[in-house]
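A short worksheet on the structure shown next.
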Amino acid sequence: MSTVADTTAPAGAPDSPTARRMSRRRARRVQEAPGARGSTPLRMVAGAVVALVFLLPYVVMLVGSFKSRPEILRVPPTYLPEEWHPDNYVSMWSTPETPLPDNLTSTLVIAGCATLLTLAVATPAAYYTARFRFPGRLAFLFCVLITQMLQPAVLVAGLFRQVLSWGIQDTWLAMILINAAFNMSFATWIMHSFFASIPKELDEAAQIDGASRWTVFFRVTLPLVWPGIVTAVIFTFVAAWNEFAASLVILTSAENQPLSVALTKFVGQYDSAWQYVFGVSIVAIVPVVLLFAGIEKRLVAGLTAGSVK
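For reference, each letter of the sequence shown is one residue, going 1133 to 1441 in my numbering.
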């Protein structure tokens, strides 16, 4: 037998008038929330402004590299070249100031080898300090953190005496060791935090399945800390690429000096080749940009890889 209660929906039912009124009120509150309406265009404008602020110096440098020297020094200055000179990027490689091809090779070798040496030493150190408790562990980590306060520019005199006693002055090996030593503390500390965030149960489960300690390290734990490794690679490579003070003192031959030192050869007391300064600066930026572009996929992939059996 049909009754009135059978055709009336409860007050809390999804299709009831009360539920529909509550849904409309929630939608109205969301629409009236501060910043909800028009937030996307504002974010796009803010992002464009921030990008312009950071990219404007590089744009000015790129445009200046295509100008002639008289046009760069012209007063009032011109924003765009009246006559473009792409040949600046050709002639700067054979200038009498410095052998730029050798300088670029020196920079790549020093920065690349210093980065590899830093990872080879800092990665096992970070893993061991994060996974094991041993006497003096906190003191060791504290010393690692303290060494980050020291820079090659402060200790350049002592570094020169040290490499001179070893007989490796004016060599790539000296700068590889110096750059690796001064970036190892940061790399160890960063990767220590990533290793410590991984549960030890993953290691124990792999060992129960018969994996050795090295297998656990390389095939289970290491893929999970790719973001930390990428951070260490970027920091170490950029720091070694831009290092100036120690390279200026220890590398005396023009052929062995990196681009950071070679760049100063175009700025003289009475004359400066600014078109070459801008061109060399653009060339020096390209490898770092390529590093970021090539390593970004590893950074994202490392967040989900490693713990699949």
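From the three backbone atoms N, C-alpha and C, an ideal C-beta is built for every residue, glycine too.
When C-beta atoms of the region 1222 to 1233 are compared with those of the region 1293 to 1309, fewer than three pairs fall below 8 Å, so the two segments do not count as touching.
Secondary structure at Val1357: coil, using DSSP grouped into helix, strand and coil. Comparing alpha-carbon positions, the option among Val1365, Ile1417, Ser1317 lying closest to Leu1187 turns out to be Ile1417. Rounded to the nearest whole angstrom, the C-alpha separation of Ala1338 and Leu1422 is 36 Å. In this chain, the alpha helix (DSSP H) harbouring Ala1328 covers 1304 to 1328. Sequence-distant Cβ neighbours of Cys1245 in its own chain, meaning closer than 7 Å and more than five residues away, are Ile1308. DSSP lists Ser1404 as the beta-bridge partner residues of Val1399. Here Ala1328 has Ala1262 as same chain residues with Cβ atoms under 6 Å from its own Cβ, once five neighbours each way along the sequence are excluded.
Per DSSP, Val1276 is one residue of the alpha helix (DSSP H) stretching across 1269 to 1278. Here Ser1325 is exposed. Its C-beta has fewer than 16 other C-beta atoms within 10 Å.
For Asn1235, the enclosing alpha helix (DSSP H) starts and ends at 1232 to 1263. In this structure, Ile1382 sits away from Trp1304, with a CB-CB distance that is not shorter than 8 Å. With a threshold of 16 other beta carbon atoms within 10 Å, Thr1363 meets it and is buried. The Cβ atoms of Leu1291 and Ala1394 do not sit closer than 8 Å to each other.
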